[in-house]
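Heads up: the protein sequence lines correspond to chains A and B, in order. The first sequence maps to residues 16 to 216 in our numbering. The second sequence maps to residues 18 to 273 in our numbering. We treat Cβ as the ideally placed atom computed from N, Cα and C, and that holds for glycine. Quantities reported herein were computed from a predicted structural model and do not represent experimental measurements. Encoded as structure tokens, the structure appears first; notes follow it.
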Amino acid sequence: MVTGVVDYKAGNLKSIENALKNLNADFIISDDPEKLENCDKLIFPGVGEASSAMRSLSKYGLDQFLKEYVKKGNPLLGICLGAQIILSWSEEGEIACLNIIDGKVQLFDKNMGLKIPQIGWNAVRYAKSHYLFKDIPDNSSFYFVHSYYPNVKKEFTIGECEYGITFTSAISRDNVCAVQFHPEKSGRHGLKLMNNFLKGE
Amino acid sequence: MLFKRIVVCLDVRDGKTTKGIKFKGNVDIGDPVEMAEKYYHAGADELVLYDITASSENRGIMMDIVEKVAEKISLPFTVGGGIGSIEDIKKVLRVGADKVSINSQAVKNPSLIEEGASLFGRQCIVLGMDALADSAMPSGYRVVINGGRTPTELDALEWAKQAEKLGAGEIVLNSIDTDGIKQGYEINLTSLVSSNVGIPVVASGGGGKPEHLSEVFLKGKADAALVASMVHYGEYSIKEIKDYLYKCKIPVRLDW
């Protein structure tokens, strides 16, 4: 079973690569839809700005590919910016995103006296049980770095956090799941979550 | 709830971790890769590897260390020291660091922060600032560079605000007055900067016992605190510090 890591030049993939190596995963990292097509599941990471990420996805033909890939029922794990881009719309750059899951990406409210970006460890409270969380205790901490957060319907929320407001930090709809935090940087809980994704339901 | 972070700082010189007092009299205290692994398992929330190598020919050693650390630990870490160009930032990030801390070079060339943030995202551009109490400055603090040796004409608070505007995602604020003497962080400076910028502030310089951390979180309004000598010599473990902070009702990560 091969896992593909989608490389669309949005941020560094070194930590994802290191984490997958530590988990002894069989994986490829590629920007080529033809190569990714043959993978059993995909990790869709990303760090940076949403509108330039969308441009980059379209340049590699990855936007259409990703929509079709998940339509076929293949598992996908979005991470950080990847968890935002799969939604319908982002306030960051005011752009339409992949619309794989209905929802929008919003900026934390500066007027609440919050430090933005949110940087550091936050506890994720489970809203639903999900195979990603298997053998990871509820309210475990994960590492976050972000200024924008996913705003999705309750039915797609599997994990939540507090940062001034309650925001969705883990999302799932059918075969697609996504986390706003960085599992690849979140110690043993993060590695466990990635391993859960690799193993599947 | 977002936890207050304990960031362990490893000063690296010629491939070895070292510790000095007020930037002088450094002694080697161990292998940085082994120490990074040790602190990862001991509950550090983040690490900083600070390259204090004087000569440029040893920069390569630092890159090897960064790469090895990235392979061994699943924890965010920052690399600082000698970052002077976009190429330097790229190199460090490529081998697996999450952030770069830019200090003297940002003062000399502020566009480095701006350009770095637009190319790599503001989350990986950290402003490192060394400040010295100076009543001649509007905020009462002067920015100093080159490891504390060279005073600048910059006011510490103004520079922090400017760096935020330029695109820095975080500030590591080091007080030269309190660094290495373990008598507590510079609370006034930390609180002044942290309450006047919208980005996280990591307090640095002076941490000697758990009470100092509770003070800098509660009174200093720091988002994170850097520790070095108080943990390097086995005086306190990260767990002891966190247990104390937890008792003080400061939110800390206990499930590493």
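The C-alpha of A/P48 lies about 16 Å from the C-alpha of A/R70. Put simply, the CB of B/F20 is near chain A, with a gap under 7 Å to one of its CB atoms.
Contact between the segment 38-54 of chain A and the segment 21-28 of chain A is present: 3 or more CB-CB pairs across the two stretches fall below 8 Å. For B/R30, the enclosing beta strand (DSSP E) starts and ends at R22 to R30. Measuring C-alpha to C-alpha distances from A/E32 to each of A/I173, A/E199, A/N210 and A/T181 identifies A/E199 as the nearest. Taking C-beta separations shorter than 6 Å and ignoring five residues to either side along the sequence, the partners of B/N120 in its chain run G145, following chain order. Between B/Q140 and B/G186, the gap from beta carbon to beta carbon is short of 7 Å.
Take the alpha-carbon of B/I255 and the one of B/N191: they are about 20 Å apart. Interface residue (Cβ-Cβ distance to chain A less than 7 Å): B/R270 is classified as such. Within the DSSP secondary-structure output, A/H161 pairs in a beta bridge with A/Q133. Taking the Cα positions, B/L110 is about 9 Å away from A/G26.
Residues of the same chain with a CB within less than 7 Å of the CB of B/E203, apart from the 5 flanking positions on each side, are S192, D194, T195, G222 and G223 in chain order. About 5 Å separates the Cβ atoms of B/I162 and B/V124, confirming a contact at the 8 Å cut-off.
Here A/S105 is actually not in contact with A/I131; their C-beta atoms are around 16 Å apart, not less than 8 Å. For B/T95, there is no enclosing alpha helix (DSSP H); the enclosing beta strand (DSSP E) has its first and last residue at F94 to G97. Secondary-structure assignment with DSSP links A/Q121 through a beta bridge to A/Y164. Residue pairing from DSSP places B/A150 in a beta bridge opposite B/Y158. The C-alpha of B/R166 is placed about 42 Å away from the C-alpha of A/Y164.
Rounded to whole angstroms, the separation of the alpha carbons of A/K214 and A/A142 is 22 Å. Here the alpha carbons of B/V219 and B/K108 stand approximately 24 Å from one another. Nearest neighbour of A/I186 by Cα position, chosen from A/F148, A/F80 and A/V160, turns out to be A/F148. A/N126 and B/K182 have their C-alpha atoms roughly 17 Å apart.
Taking every protein chain shown into account, the CB of B/D62 has 16 or more other CB atoms within 10 angstroms, so this residue is buried. By the rule that beta-carbons nearer than 7 Å mark a contact, B/I216 touches chain A. Taking a C-beta cut-off of 8 Å against chain B, none of the residues of the segment 80-108 of chain A qualify. At a Cβ-Cβ threshold of 7 Å, A/I101 and A/L113 count as neighbours. If the five residues before and after B/S246 are omitted, its C-beta is found closer than 6 Å to the C-beta atoms of K36, all from its own chain and listed in chain order. By alpha-carbon distance to B/D45, the top candidate from B/D147, B/K55, B/F137 and B/D31 is B/D31. For A/P48, no chain B residue has a Cβ inside 8 Å of its Cβ, as the nearest lies near 25 Å away.
In its chain, beyond the 5 residues on either side, V85, G88, N89, P90 and L91 have a beta carbon closer than 8 Å to the beta carbon of A/N190. A/S156 places its beta carbon less than 7 Å from that of B/R270. At a cut-off of 7 Å between C-beta atoms, B/P49 does not count as an interface residue with respect to chain A.
The three-state reading of DSSP puts A/F196 in coil, since its state is none of H, G, I, E or B. As a beta-bridge residue in DSSP terms, B/A241 pairs with B/R22 and B/V219.
With a 10 Å radius around the Cβ and a threshold of 16 neighbouring Cβ atoms, B/T95 comes out buried.
When 9 Å is used as the limit between beta carbons, A/G174 is near no residue of chain B, the shortest such separation being about 14 Å.
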